[in-house]
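Q: All you need for the working numbering is the position in the sequence shown, starting with 1, plus 41.
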Amino acid sequence: MTHVTEHPLVQGGRSAALAAACVRGGVAAGLGLGALAVLVIAAWISSPFPDGGPHDVLHTVAGLWLLAHGVDLLRTDTLSDVPAPLGVVPLLLAALPVWLVHRAARDTLDPGVGGRNRPRPSPSGAIGAVAGGYLLVTAAVVLYSESGPLPADLVTAGLWPPAVVTGAAAAGVWTALGRPFPGPRWAVLPRAAGLGLVTLLIGGAAAATASLILRADRAQGLFLGLAGEWSGRAAVLLLVLALLPNAAVWGAAYGLGPGFALGTGALATPLGLAGDPAVPPFPLLAAVPAEGRGTWLHWSAAAVPLVAAVLLGHRVGRSARTWSARDTALTALGAAGACAAAFTALAGAAGGPLGSGRLSAFGPVWWQAGAAAALWTVCAGVPTALGVRAWGRRSPRPKHVPAPVPTAPAPTETEPEPEPETGEGAATGGKPSRMPSLKWVRLRGRRSGAAPGTPEPGTDPYDGDPYDDLYGDPFGDTGYEPYDFLPAAWEPTAKPKPEPEPQPAQDSEAPGGA
42 MTHVTEHPLV
52 QGGRSAALAA
62 ACVRGGVAAG
72 LGLGALAVLV
82 IAAWISSPFP
92 DGGPHDVLHT
102 VAGLWLLAHG
112 VDLLRTDTLS
122 DVPAPLGVVP
132 LLLAALPVWL
142 VHRAARDTLD
152 PGVGGRNRPR
162 PSPSGAIGAV
172 AGGYLLVTAA
182 VVLYSESGPL
192 PADLVTAGLW
202 PPAVVTGAAA
212 AGVWTALGRP
222 FPGPRWAVLP
232 RAAGLGLVTL
242 LIGGAAAATA
252 SLILRADRAQ
262 GLFLGLAGEW
272 SGRAAVLLLV
282 LALLPNAAVW
292 GAAYGLGPGF
302 ALGTGALATP
312 LGLAGDPAVP
322 PFPLLAAVPA
332 EGRGTWLHWS
342 AAAVPLVAAV
352 LLGHRVGRSA
362 RTWSARDTAL
372 TALGAAGACA
382 AAFTALAGAA
392 GGPLGSGRLS
402 AFGPVWWQAG
412 AAAALWTVCA
422 GVPTALGVRA
432 WGRRSPRPKH
442 VPAPVPTAPA
452 PTETEPEPEP
462 ETGEGAATGG
472 KPSRMPSLKW
482 VRLRGRRSGA
492 APGTPEPGTD
502 PYDGDPYDDL
512 YGDPFGDTGY
522 EPYDFLPAAW
532 EPTAKPKPEP
542 EPQPAQDSEA
552 PGGA
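(1) If leucine 303 and alanine 319 are in contact, beta carbons under 8 Å, what's the gap, nearest whole angstrom?
(2) Restricting to runs no shorter than 4 residues, where is the alpha helix (DSSP H) found entirely within the stretch 227-313?
(3) Just to confirm, are glycine 111 and threonine 197 a CB contact at a threshold of 8 Å?
(4) Would DSSP call alanine 412 helix, strand or coil?
(5) Count the other CB atoms, across all protein chains shown, that sit within 10 Å of the CB of phenylalanine 403; report buried if there are 16 or more and exposed otherwise.
(6) Ordered along the chain, which non-local residues of its own chain (more than five positions away) have a Cβ less than 6 Å from that of glycine 306?
(7) Excluding the five sequence neighbours on either side, which residues of its own chain have a C-beta within less than 8 Å of the C-beta of valine 139, listed in chain order?
(8) Helix, strand or coil for arginine 116 per DSSP?
(9) Let me know if arginine 356 comes out buried or exposed under the rule of 16 or more other beta-carbons within 10 Å of its beta-carbon.
(10) What residues in its chain sit with their C-beta under 6 Å from that of histidine 48, if we drop five residues either side in the sequence?
(11) Give the DSSP-derived three-state secondary structure of alanine 331 in the structure shown.
(12) Are at least three pairs of beta-carbons, each pair with one atom in the stretch 384-394 and one in the stretch 283-298, less than 8 Å apart?
(13) Looking at the unbroken beta strand (DSSP E) that takes in proline 126, where does it start and where does it end?
(14) Here's the rule I'm using: 16 or more other beta-carbon atoms within 10 Å means buried, otherwise exposed. How should alanine 61 be labelled?
(15) Compare the C-alpha of serine 165 against each of Thr149, Leu177 and Ala180 and name the closest.
(16) With a CB to CB cut of under 6 Å and the five nearest residues on each side skipped, what residues in its chain are close to proline 286?
(17) Check whether the Cβ atoms of aspartate 118 and proline 126 sit closer than 8 Å, and answer yes or no.
(18) Quick check: the stretch 250-261 against the stretch 215-226, are there 3 or more CB pairs under 8 Å?
(19) Grab the span of the alpha helix (DSSP H) containing arginine 220 for me, first residue to last.
(20) For leucine 253 and cysteine 63, what's the separation of their Cα atoms in angstroms?
(21) Under the three-state reduction of DSSP, which class applies to glycine 393: helix, strand or coil?
(22) Run through DSSP, which three-state label would proline 202 get?
(23) According to DSSP, aspartate 404 sits in a beta bridge with which residue or residues?
(24) Could you give the first and the last residue of the continuous alpha helix (DSSP H) run that contains aspartate 151?
(25) Provide the residue span of the alpha helix (DSSP H) that contains valine 178, from first to last.
(26) Is the Cβ-Cβ distance between glycine 173 and glycine 66 less than 8 Å?
(27) Using 8 Å as the cut-off, can you tell me whether the stretch 326-336 makes contact with the stretch 372-391, which would need three or more C-beta pairs spanning the two stretches below that distance?
(28) Between the stretch 428-436 and the stretch 358-376, are three or more C-beta pairs nearer than 8 Å?
(29) State the start and end residues of the unbroken alpha helix (DSSP H) segment that holds arginine 359.
(30) For serine 188 and alanine 349, I'd like the C-alpha separation in whole angstroms.
(31) Residues bridged to alanine 315 by DSSP?
(32) Return the chain-ordered list of same chain residues with a C-beta closer than 6 Å to the C-beta of arginine 274, the five sequence neighbours on each side being excluded.
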């Protein structure tokens, strides 16, 4: 008999799974590139006076896609013929590539429809395969951009795309594995850090929105002045939407204290705007504070990092009720460091050069913003975590119960024990007698001062008897009751006389008679 052996490489083993993961990474890069190309080509077609041809449009798409990954671009079509750098990343535009890589890595370790067991690579193999396939497409786009008006900076192209893609792929694999944590402290740390980071961004967005509303007239004038036709205004509106997360990061950096740069030698902080700002005509930049010293309205932006640090510490302290103070402080420090590191990366991406000369420094300074975020979260978050932990471990005080007041014992009277019930009710286990017991009558009489056995005037001796409602008042004339003819508990019952034993009959004839 010949046995057929299945070969995993032929039927789809680990090598095929790695190849499929690599293809998934390449498809994710193509989807992001295609989605961006649709938007840019649609804006180019709808423009009444398009600048350049399809070749230039595709180079613009490649440059914007690389910019979303953190790659600096170089503008070669300048008036001075000196390449001007462009390094401000539209954060909303960067969300699409990150999500696509995350999804590709997560689906690589997915067991499949119905939970069927299909070949899957190891977690590290999935990360490497998905990232490798994605970076192959990225390298091809970098080479293609070198021949266009927005070539990529090779240093940043070799640094930031691998870091972004690998991090997103690792997050996708971690999600596919069920987000495991080595311990309870590690589970609390990213959640607390994420809560602090989200609070910072929401507060920064609120501060930027409030400043933009106060200067709505100027923002509207800049928006209408950039483009005269509807297609150009639609393109400007899309760019504004892509830069909205950048405005939130700028607002958070402003509340942290270091603020943001508006060109070399100009800095906007809650204390005021120092230097001569070089602000390009753009609607979002209308929210930049005016020149001069800051007022209480500007100083109120410092509440944003304070609230973020308090929420971070509260999240750690609420989960640390059974931990030691040392573990609580270390976890709060770790969450503060993770929150500061994430905000440092966002600040570095949200700012950067917009050109040469005075525009070479624009937006938050990443290391200053990160240091301020760490200082706020450590100084306010760690004490809050320890305080919440101590508050949760407190033991409630027992309520004060007044001591009972001793009372003089009432005189007791020796009373005879009631005789056991006899009669039909006692013998058959039926209902007890309706008549009150002598002991109850004597107690009622002793309380009222009457003679023992005499009911108290105006009172019902059967008060509280469950059989009162069924059979009426025992002292009134309520008619015939079936228990009236039964003997009471205290009445002796006549014992039935024993019947005489039958005597043996005597024979009238003597024994032996005839």
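Just so you know, even glycine gets a beta-carbon here, dropped at the ideal spot from N, CA and C.
Quick caveat, the model's predicted, so the values are computed rather than measured.
A: According to the structure shown:
(1) Rounded, the Cβ-Cβ distance is 6 Å, consistent with contact.
(2) Note on the stretch 227-313: whole alpha helix (DSSP H) runs with a minimum of 4 residues are 257-267, 271-283 and 285-297, in chain order.
(3) Yes, the Cβ-Cβ distance between glycine 111 and threonine 197 is below 8 Å.
(4) DSSP places alanine 412 in helix when its eight states are reduced to three.
(5) In the assembly as shown, phenylalanine 403 is a buried residue. Its beta-carbon has 16 or more other beta-carbons within 10 Å.
(6) Same-chain partners within the cutoff: Gly316.
(7) Only Val205 and Ala209 meet the Cβ criterion.
(8) Looking at arginine 116 - three-state DSSP - the assignment turns out to be strand.
(9) It is buried - the Cβ of arginine 356 has at least 16 other Cβ atoms within 10 Å.
(10) Residue confidence for histidine 48 is low, a pLDDT of 38 falling below 50, so the modelled location carries little weight; the figure read from the coordinates is stated next. Same-chain partners within the cutoff: there are none.
(11) Note: alanine 331 maps to coil in three-state DSSP.
(12) With a cut-off of 8 Å, the stretch 283-298 and the stretch 384-394 count as touching, because enough Cβ pairs lie within range.
(13) Note, proline 126: beta strand (DSSP E), 125-127.
(14) Flag for alanine 61 reads buried.
(15) Among Thr149, Leu177 and Ala180, the Cα nearest to that of serine 165 belongs to Thr149.
(16) Leu132 and Leu133.
(17) Contact flag unset, no.
(18) These segments do not touch.
(19) Careful: arginine 220 lies outside any alpha helix (DSSP H) and carries neither H nor E.
(20) Here the alpha carbons of cysteine 63 and leucine 253 stand approximately 45 Å from one another.
(21) Taken through DSSP and simplified to helix, strand or coil, glycine 393 comes out as strand.
(22) In the structure shown, proline 202 adopts helical secondary structure according to DSSP, grouped into three states.
(23) Note on identity: in this sequence residue 404 is glycine, with aspartate being the wrong assignment. BP columns for glycine 404 point to Ala302.
(24) Premise fails: aspartate 151 is in no alpha helix (DSSP H) and is neither H nor E.
(25) 164-186 is the span of the alpha helix (DSSP H), which, as asked, contains valine 178.
(26) The criterion of a C-beta distance shorter than 8 Å is satisfied by glycine 173 and glycine 66.
(27) With the rule of 3 Cβ pairs closer than 8 Å, the stretch 326-336 does not count as touching the stretch 372-391.
(28) Taking one beta carbon from each stretch, the stretch 428-436 and the stretch 358-376 have 3 or more pairs nearer than 8 Å; the two touch.
(29) For arginine 359, the enclosing alpha helix (DSSP H) stretches over residues 344-360.
(30) For serine 188 and alanine 349, the distance between alpha carbons rounds to 46 Å.
(31) In the DSSP output, where bridge partners are listed per residue, alanine 315 has Leu308.
(32) Taken in chain order, the residues that qualify are Ala268.
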